[in-house]
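Residues 1350 to 1516 (our numbering) make up the first sequence, in order. Beneath this line is the structure, given in structure tokens, with notes to follow.
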Amino acid sequence: MIKLTRHFYTRDVLEVAPGLLGKYLVLQTSGACNKFLITDVEAYRGTDDLACHASKGLTKRTEPMFRQGGILYIYLIYGMYYMLNIVTSTENNPQAVLIRGIEGCNGPGKLTKKLGIDQSFNREDLIDSNRIWVIDTNNTVSYKTSPRIGVDYAGDYWKNLHWRFYI
DNA sequence: AGCAAGATCGGT
DNA sequence: CCGATCTTGCTG
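Below you can see the structure in the form of structure tokens.
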């Protein structure tokens, strides 16, 4: 099983997000190497998407999303939970995939706690990193879609798009 | 400098 | 449904 390359991530988030389903997130921590099947993701796409943090423009927080795909965008929400996002597309085209679930663990806040992912992972490059990356599989998965979770504030149009993809 | 809200979660 | 908990971004 091969580590995903830059090309995988520099595509549009609506291709990358469902493409991550069935692949393995790999964590190398203190001697142990663990892999987790990705089962639930959401797409956040560009400055027009009112649910996407990039709709606020380029800020200190959202800056990682404006970079080339393949790096992580981590932020703290509700003062308690780190959210794990994978940046996609090309520079100055802010998009990201929120990892909502892995096999045996539902919820973006719960999974970062379980995996020990904190702010130090912000901007980590999945191609270069020696502690986190994603590997391809031969899995052919069928998936469902739904509106994104927790974005009612984004207005009727953006909150109702089926940009959540899950197994 | 102050404030309201948030890509959540677990307990009533 | 509600509180925990604190950073962010907007307003003044």
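C-beta atoms are modelled at their ideal positions from N, C-alpha and C, and glycine is treated no differently.
Need the endpoints of the beta strand (DSSP E) that E1391 sits in, please. Taking the first residue of the first sequence as position 1, residue 1391 is located at position 42. Note, E1391: beta strand (DSSP E), A1381 to R1394.
DSSP three-state assignment for L1460, whether helix, strand or coil: Numbered from its first residue, the first sequence carries residue 1460 at position 111. Note: L1460 maps to helix in three-state DSSP.
At what residues does the beta strand (DSSP E) containing N1509 begin and finish? Counted from its first residue, the first sequence places residue 1509 at position 160. Careful: N1509 lies outside any beta strand (DSSP E), inside the alpha helix (DSSP H) at D1505 to N1509.
Is it right to say A1403 is buried, meaning 16 or more other beta carbons lie within 10 angstroms of its own, or is it exposed? As a working note, residue 1403 is residue 54 in the first sequence. The C-beta of A1403 has 16 or more other C-beta atoms within 10 Å across all chains shown, which makes the residue buried.
Is S1438 helix, strand or coil by DSSP? Here residue 1438 corresponds to residue number 89 of the first sequence, with the count starting at 1. Reduced to three states, the DSSP call for S1438 is coil.
Would the beta-carbon of V1446 fall within 9 angstroms of that of E1391? Counted from its first residue, the first sequence places residue 1446 at position 97. Counted from its first residue, the first sequence places residue 1391 at position 42. Cβ atoms of V1446 and E1391: closer than 9 angstroms.
Leaving out the 5 sequence neighbours to the left and right, which residues in its chain are closer than 8 angstroms to N1471 when beta-carbon positions are compared? Numbered from its first residue, the first sequence carries residue 1471 at position 122. The residues are P1413, L1421, Y1422, I1423 and Y1424.
State the Cα-Cα distance for the pair C1382 and W1512, rounded to the nearest angstrom. The residue you call residue 1382 lines up with position 33 of the first sequence. The residue you call residue 1512 lines up with position 163 of the first sequence. Taking the straight line from one Cα to the other gives about 31 angstroms.
One question on the structure: do I1387 and K1372 come within less than 9 angstroms of each other, judged by their Cβ atoms? The residue labelled residue 1387 in the question sits at position 38 within the first sequence. The residue labelled residue 1372 in the question sits at position 23 within the first sequence. Using a Cβ distance threshold of 9 angstroms, I1387 and K1372 count as a contacting pair.
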